[in-house]
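Visitor: First to last, the sequence lines map onto chains A and B.
Counted the way our numbering counts, the first sequence spans residues 154 to 286.
Counted the way our numbering counts, the second sequence spans residues 154 to 286.
The beta carbon of each residue, even a glycine, is placed where N, CA and C say it ideally should be.
For clarity, every value in this text was computed on a predicted model and none was experimentally measured.
Quick one: structure below, then a few questions.
Protein chains: 2
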Amino acid sequence: MPVASDETRDSGPDRISEAEYAVMEPLWERSPLTALEICEVVCSRRDWSLATVKTLLSRLVAKSAVATEPDGRRFLYTPLLEKDEYTGSESLRLVDRLFGGRAAPLFAQLAEAEALTDDDLAEMEALLKELRK
Amino acid sequence: MPVASDETRDSGPDRISEAEYAVMEPLWERSPLTALEICEVVCSRRDWSLATVKTLLSRLVAKSAVATEPDGRRFLYTPLLEKDEYTGSESLRLVDRLFGGRAAPLFAQLAEAEALTDDDLAEMEALLKELRK
DNA sequence: TCATGACAACTACAGATGTAATCATGCAGG
DNA sequence: CCTGCATGATTACATCTGTAGTTGTCATGA
């Protein structure tokens, strides 16, 4: 018979919150980092205390979004969830939820909000050309 | 001196949650609607009770996202927040948070996730042509 | 050796969110 | 006239989120 499943459920792809995302950012820039190094980056931007960063880090560890590696006294944190994985799934979620899975209306919205820079237009044009080839 | 500000703060553009969004959808399709009519649309999809829909409606009213108009015994609900307003600001938020305000990387992500249909590509191409004119 | 300081772990707590049950009230039918 | 259904209002409650304070532990320098 199979081993009785212990409580450490794999939990699937737990969504990470906005505050947690802020903690991931420095890790995506460079890793591994200590809690203090992460705080140096985000605590000023968000006016957080080091304790807050640590709480968020432990939640991220619980969600298997970052890994820890002991380094003597402290821990080094490394992202497990890749940035592209995250931005990709969030983007898909938005398109699905708000635009019925169609990307064109999203694009139209952004255009209407004048959120498209000339650079964006140029890059997208290039991308489109590539895709239709 | 200025009038002492009373407690009814205008509260600004309160964000609406995902569940609340589900209640807005039928209203954007057709309005005004009664709570029951809304439930007929969403309660099956989300496996909700009528009570849940009513709670969400009252939260939306509190956030000034929908308006009520008495109709004898019950209320008729009408959206105040327009769909485009919502999808637009959500889209902007996503682009800002995840892609530093640039839309091109978002589309690159979607392309990579193969979330762009041929129709999307065609529509976007047309729109691009329009925008660069 | 002993106090200090640096960390991670644990605890806290208010507000938002998801999901409803219960309360109150007024109209419609007997 | 009274009672029951329909409907909004009020209350409930668990979980998630944002934001920390407090505790326990160890290593290091006096």
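#1: Use the C-beta contact count for residue 249 (chain A): other C-beta atoms within 10 angstroms, 16 or more gives buried, fewer gives exposed.
#2: So, does the CB of residue 265 (chain B) fall closer than 8 angstroms to a CB anywhere in chain A?
#3: Within 10 angstroms of its Cβ, does residue 244 (chain A) collect 16 or more other Cβ (buried), or is it exposed?
#4: Determine the contact status of residue 257 (chain A) and residue 272 (chain B), defining contact as a CB-CB distance below 8 angstroms.
#5: So with CB distances below 9 angstroms, who are the chain B contacts of residue 284 (chain A)?
#6: Answer with yes or no whether the minimum CB distance from residue 255 (chain A) to chain B is below 8 angstroms.
#7: Any Cβ of chain A within less than 8 angstroms of the Cβ of residue 240 (chain B)?
#8: Could you check how far apart the C-beta atoms of residue 285 (chain A) and residue 274 (chain B) are, in whole angstroms? I think they sit under 8 angstroms.
#9: Compute the beta-carbon to beta-carbon distance between residue 217 (chain A) and residue 233 (chain A), rounded to the nearest angstrom, for a pair I have assumed lies under 8 angstroms.
#10: Is residue 278 (chain B) closer than 8 angstroms to residue 281 (chain A) when the C-beta atoms are compared?
#11: Contact defined as beta carbons within less than 8 angstroms: I believe residue 176 (chain B) pairs with residue 195 (chain B). What is the distance between those atoms, to the nearest angstrom?
#12: Among the residues of its own chain, which have a CB less than 6 angstroms from the CB of residue 231 (chain B), if the five just before and after it don't count?
#13: How many Å lie between residue 189 (chain B) and residue 236 (chain B) at the Cα?
#14: Could you tell me which uninterrupted beta strand (DSSP E) segments, each at least 3 residues in length, are contained entirely in the stretch 220-280 of chain A, listed from first to last along the chain?
Guide: Taking the definition as stated:
#1: exposed
#2: At least one chain A Cβ lies under 8 angstroms of residue 265 (chain B).
#3: With 16 or more Cβ atoms within 10 Å of its Cβ, residue 244 (chain A) is classed as buried.
#4: For residue 257 (chain A) and residue 272 (chain B), yes; Cβs fall inside 8 angstroms.
#5: 264, 269 and 274
#6: yes
#7: yes
#8: About 6 angstroms; that satisfies the 8 angstroms criterion.
#9: 6 angstroms
#10: yes
#11: 6 angstroms
#12: 184, 185 and 220
#13: Roughly 21 angstroms separates the two Cα atoms.
#14: Segments of the beta strand (DSSP E) lying fully in the stretch 220-280 of chain A: 227-232.
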